[in-house]
Amino acid sequence: MENDTIAAISTPVGEGGIAVIRVSGPEAVEVVDRVYKGKRSLTEVDTHTVHYGHILHPETKEVLDEVLVTVMRAPRTFTREDVVEVSCHGGVMPVQKVLKALLTAGARLAEPGEFTKRAFLNGRIDLSQAEAVIDLIRSKTDRAARVAMDQARGRLSRLIRKLRNDILETLAHLAVNVDYPEYDAEELTGKELLSRSRKIEKELLRLLETGRQGKILREGIATVIVGRPNVGKSSLLNALVQENKAIVTDIPGTTRDVIEEYVNVRGIPLRLVDTAGIRETEDVVERIGVERSRRALEQADLVLLLLNYGEPLTEDDRRLLEIVRPHTAIIVVNKTDLEQRIDLEEVRRRIGDAPLVLLSLKEERGLDRLEEAIDKLFLSGKVEGTDATYVSNVRHVHLLEQALGNVRDAIRGIEEGIPLDMVEIDLKNAWQHLGEIIGEAVAEDLIDQIFSQFCLGK
Amino acid sequence: MGYLAGEYDVIVIGAGHAGCEAALAAARMGCRTLLLTLSLDTIAYMPCNPSIGGPAKGHVVREIDALGGEMGRNIDKTHIQMRMLNTGKGPAVYALRAQADKVKYQQMMKRTLEAEPNLDLHQAMVEKLIVEGGVCQGVITQTGAEYRSRVVVLTTGTYLRGKIFIGDLSYESGPNNQQPSINLSYNLMDLGFEMVRFKTGTPPRVNKLTIDTDKMEIQPGDEEPRAFSYETTEYITDQLPCWLTYTNEKTHEAIRRNLHRAPMYSGVIEGRGPRYCPSIEDKIVRFADKARHQIFLEPEGRDTLEMYVQGLSTSLPEDVQREILRTIEGMEKVEMMRTGYAIEYDAIIPTQLWPSLETKLVENLFTAGQINGTSGYEEAAGQGIMAGINAARKVQGKDPVILDRSQAYIGVMIDDLVTKGTEEPYRLLTSRAEYRLLLRHDNADLRLTELGYEIGLIPEDRYRRFVAKKEAIEREIARLRETRVKPTPEIQRILREAGSSELTNAIELAQLMKRPELGYREISQIAPPPEPVPPEVAEQVEIQLKYEGYIRKSLQQVEKMRKMEDKRIPAWVDYDKIQGISSESREKLKKVRPLSIGQASRISGVNPSDISILMVHIEQGGKSFAKA
């Protein structure tokens, strides 16, 4: 595992500027060369030189991005392995596409902190820095765990869980046929298994298709809008979405089930969380604000708390201010078109050093001040996108593709008349790859399933 | 007063399926060995079902045989029927199962033990281990005999603080009313072992003359001769059938009506039972919508009319057992000869063992079989032979032999036990093995006989036969890879007759073999080998070529796993001094003390980033962190 070639985006997430993808390992040069088109093959160039060219899609050969490639051969590199750095034009989607092309060409997605770890293991970093490496691995992983948690609540993980469960039931059925050949469970036939596998293949393709359109892949600063009913949450949402290009609007097939929307505010990607909740509660009966907000806040990098300029602070407002306090937040006082009845002094007392922005969404005044506040928080480093989210998206696509490959192997096997218990090996791999997406891959699950699904014994 | 009764290299306590293999292995490897048993009349006793083998379990029997163990040979001589199961599936899951003549099986094993040079067999109740300075030095029996030894192997089965339950009746007992072993269990607790209480059960037995087999489905043995041992050449042809019948609504009604009298439901039993072996009352409760359950009637031997009622394991009161038996079709007038019961016993939590099966707590003490939390004769025997081998190697100052997960089901089982522990009596299943395709029934010898020979359990002549077979396989595979055939009329005819499509171009024989409808028989018709190929060689050639792609995929996975296995965790690693790992991982690692990074990564609850940190720590010789 230490000898393969790894790749990852090594610049922070964000629009604009240049993004660098770093590739390290014994095959670094070859891997990049497979998808690179320039004057000369990278395998022929001198070490520590920079080359202009294009990255092509590995299959369609379409140009993905115009790049500068730096080739650095071992040992005078960061990791003391061969390293290639690809500088892309930035922009969320192109960088992701280039990274994906490199993964298809043979690199493995680096784990959090893995470049540093390699540098360390290869003696590039001295002992005094060792603990920092540990911290790095630790903190990145914690963050990755948090991301995994976020997604565990999400729709993608529900879909994958469902798919895994379908596979698991099939695996358990096959296992029972093998381990209890005399038990009176029906023998799963090749025909049946084929139709189940085709169904799974279709589901995976659908997931991958939506992924390719960038509709499930998500990244950016998780942003939550909270506030009392009728304070203007959905107006703010709409304003942000209209003002800025929305990258993602919905998830296909379930147009009403809008969960997240993406906007770029001055090049900063915001992931607006639980927009469905906002729209629903604004549309229909408004029962709450507080409870939903509490849940939404758990996964927020940034909170926008809305207050009404035209009304005095209510108890709900005060509770929201209290809940928001530990978070990175911007207090947005809306409806400056109305007569002031809010006590701004009290608001200031309650919010500590959180920025306060006054605006009128109705009259479209002051939105730029909100954007400025967001920009400032971002530049000051107070808001930080969970960059692991970015990586895990590509990781998801990669794993989904591996699972698809497994299922296709299984289908081919069944069609060729391979015994089903061998085909099962491919299905199990698919199940495991899907499990890695949501962080579950325990073999004991299967054993549990066998005994809960079937009645066996002496 | 005690007296010194003898001195040995290895003492094995308990002559069940684990103990017999352990004692024979140690003795055959040249150790002066003593085997102690509570009763000489219950050697290799089968207190539950009269059968050996089946999926995964049969594979283990083959592995024991390939290593030079006894179980396969013994059952080959004493069965009443054999069947190959799963023949409609792939070769990886073919599974041989024998119905045993229980008494003959015991007698044959006893005879083998008695005749073994280097092995003494005594009847005695061991009360206490002699442990000095954390090292086991021997045992003391109830009668005061003190036996000294270099190594002790504990294979006590379900006898430790055994307790039988039948309805509201319960009493201290080993299986089938054998004497339980009470003091030894307390002795182990005193030594500091963590124990767990497990439960298992057995169905009633009935008289064959009182059942009407006309109303049941016959289950005969295979006509084709079968054997577990690679060495068996004489086959038993006279086989006895088993019979299949079903429970019905009347049965279920009687059980439901009496459920409150079952100890499992009245809460008397504290031990944890296996899910794969539920009692009939469990089945009725948990699978209430299933209209009927299978009941197999299996003869207990040739010289008895007693039949085992498979599927009806129960601890309901005796009167209820009678009642429910008589609701079953063909058993309306049945005479129950023995009452079914549940039994509780102590086992040690197996994460307290090294993969060699030596305990971490007491040096030179090994444990194997049901005491390690497993269930099943085959699982016991598989651990027994490994404990015996490693006990002997310990005496001889050699490193332990540890089978890995790609080598044998035995390796899968022991790794599971010592790495993950078990929450219920552990049973092997094919689905526990990641590399099932490599761990086939047919290739146990190719996997293990070389090792058996190196260890000293496979005699020279057997090894020579094995090498000849192996070379014949390689030769024939090479020939099929090198030989190309052209579409001649003769070949096209053979293909047509086999239901295969005709050739358009010349093709390698090895390629042709990959067609599902063709086997070695057809291929050898197309291009006969220079000299006749024995059937066991033909079988290997066919499997290895036909499933080459799948086998290669598995081998690649094994290679990845091996890399992790090869990263050893040195003894100086102190988990308390590694900064940054989660406290759950730290506790687990401290407890299991894995030998390799691979093993560490299989501990449940130890996450990958902790493994990374551990690797960095080891790489740096612990220096940067040891300061704290």
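Protein sequences, first through last, are from chains H and E. Just so we're aligned, residue 1 is where the first sequence starts under our numbering, counting upward by one. Just so we're aligned, residue 1 is where the second sequence starts under our numbering, counting upward by one. For each residue, glycine too, the CB sits at the ideal point set by N, CA and C.
- Separation of E/Gly499 and E/Gly519 (C-alpha to C-alpha, rounded to the nearest whole angstrom) is 12 Å.
- The alpha-carbon separation between E/Gly14 and E/Thr158 amounts to approximately 10 Å.
- Less than 8 Å divides the Cβ of E/Leu24 from the Cβ of E/Glu116.
- Contact residues of the segment 100–125 of chain E toward chain H are absent (C-beta to C-beta distance below 8 Å).
- Interface residue (Cβ-Cβ distance to chain E less than 8 Å): H/Leu404 is not classified as such.
- Between E/Thr359 and E/Lys591, the alpha-carbon positions lie close to 12 Å from each other.
- With contacts defined by Cβ atoms closer than 8 Å, E/Glu70 and E/Thr112 form a contacting pair.
- Excluding five sequence positions before and after E/Asp238, none of the CB atoms of its chain fall closer than 7 Å to its own CB.
- Beta-bridge annotation (DSSP): E/Tyr453 is not paired with any residue.
- Taking a Cβ-Cβ cut-off of 8 Å, the neighbours of H/Ala175 in chain E comprise Leu429, Thr430 and Ser431, given in sequence order.
- With a minimum length of 3 residues, the unbroken runs of beta strand (DSSP E) contained wholly in the segment 137–180 of chain E fall at 145–154, 163–166 and 169–172.
- Taking a Cβ-Cβ cut-off of 7 Å, H/Leu434 has no neighbours in chain E, whose nearest Cβ is about 17 Å from it.
- Contact note: H/Glu416 reaches chain E through Pro516, using a C-beta cutoff of 7 Å and chain order.
- Distance from the CA atom of E/Tyr171 to the CA atom of E/Lys89, rounded to whole angstroms, is 45 Å.
- The beta-carbon of H/Lys117 is placed less than 8 Å from the nearest beta-carbon of chain E.
- Per DSSP, E/Ala472 lies in no beta strand (DSSP E) segment; the continuous alpha helix (DSSP H) that holds it begins and ends at Glu460 to Glu482.
- Taking all protein chains shown into account, E/Gly605 has fewer than 16 neighbouring C-beta atoms within 10 Å of its C-beta and is therefore exposed.
- Going by DSSP, H/Ile225 is part of the beta strand (DSSP E) stretching over Ile221 to Gly227.
- Comparing C-alpha distances from E/Arg197 to each of E/Ala227, E/Asp190, E/Pro203 and E/Arg161 shows the shortest one belongs to E/Arg161.
- Below 8 Å, enough C-beta pairs join the segment 177–188 of chain H and the segment 421–437 of chain E to call them touching: three or more.
- Residue range Glu217 to Gln219 is occupied by the beta strand (DSSP E) that includes E/Ile218.
- Judged by DSSP secondary structure, E/Glu323 falls within the alpha helix (DSSP H) whose first and last residues are Glu318 to Leu325.
- For H/Leu420, the chain E residues whose C-beta falls within less than 8 Å of its own C-beta are Lys89 and Gly90, listed in chain order.
- In chain order, Gly330, Met331 and Val334 place their CB closer than 6 Å to the CB of E/Ile211, counting only its own chain and leaving out the 5 sequence neighbours on each side.
- Of all residues in the segment 311–330 of chain H, none comes within less than 8 Å of chain E when Cβ atoms are compared.
- Contact between the segment 45–53 of chain E and the segment 408–422 of chain E is absent: fewer than three C-beta pairs spanning the two stretches fall below 8 Å.
- Fewer than three pairs of CB atoms, one per stretch, sit closer than 8 Å, so the segment 181–201 of chain E makes no contact with the segment 392–403 of chain E.
- Beta bridge pairing from DSSP links E/His79 with E/Ala100.
- When C-beta distances to chain H are compared with 8 Å, the residues of the segment 436–459 of chain E below that value are Arg436 and Leu437, in chain order.
- Pairing H/Leu320 with H/Val226 gives a Cβ-Cβ distance under 8 Å.
- Close partners of E/Gln294 in chain H (Cβ separation under 8 Å): Glu182, Tyr183 and Asp184.
- At a C-beta separation below 7 Å, H/Val31 has no neighbours in chain E, since its nearest C-beta there lies roughly 19 Å away.
- Check the Cα spacing between E/Thr504 and each of E/Glu474, E/Glu517 and E/Lys486: the tightest is with E/Lys486.
- With a contact defined as Cβ atoms closer than 8 Å, H/Glu30 and H/Thr47 miss out at about 15 Å.
- The shortest C-alpha to C-alpha distance from E/Gln511 to any of E/Tyr547, E/Pro530 and E/Pro489 is the one to E/Tyr547.
- Proximity of chain H to E/Asn248 at the Cβ level (cut-off 9 Å) is not reached, the minimal Cβ distance being about 14 Å.
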